[in-house]
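Structure record follows, encoded as structure tokens.
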Amino acid sequence: MKNKIAISLLLLIFVFITGCSDYQEDFTFTGTVEEILVVGEKLVVKEYVGEDEGKKDGNVYEIPVDNVETYNIGQKLEVIVFSNTDADVWDLDRMKFEIKKVED
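So the number in the working numbering is just where the residue sits in the sequence shown, counting from 1, plus 966.
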């Protein structure tokens, strides 16, 4: 009886974990930190579009981070955006981010 309960519990945990990990890579971009929002722990990152045009034409994204003190204004980043929805919206509740610092 204890084995059946243990197996059932493990199966339930496995189903729960696999159900919660439905984030898929949505897109990747490179940009620079334009602003650091200490309240709310977010970075404002401007996407590079091209060599000369990136500063004026790129999209601007607010990205939550764990520790804003580890970033600097003007720092170049590569951001991989993961989402758990197919909708084309910027919904921070449905997104996760992997941020890598890029060396110039």
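All C-beta atoms, glycine included, are put in the ideal place defined by N, C-alpha and C.
Check	Outcome
Quick check on the DSSP output: the beta strand (DSSP E) that includes I1002 runs from which residue to which?	990-1003
Which class does I1039 belong to by DSSP, given the choice of helix, strand or coil?	coil
Flag this pair as yes or no: are the beta carbons of V1015 and G1006 separated by less than 7 Å?	no
Excluding the five sequence neighbours on either side, which residues of its own chain have a C-beta within less than 8 Å of the C-beta of T996, listed in chain order?	E1013, Y1014, K1042, L1043, E1044, V1045, V1068
Report the rounded CA-to-CA distance for E1064 versus E991, giving the unit in angstroms.	10 Å
At a cut-off of 6 Å, is K1062 close to the ligand MN when judged by its beta-carbon and the heavy atoms of the ligand?	As for the ligand MN, it is missing from this structure, which has no ligand bound.
Can you tell me where the beta strand (DSSP E) with E1013 in it begins and where it stops?	1008-1013
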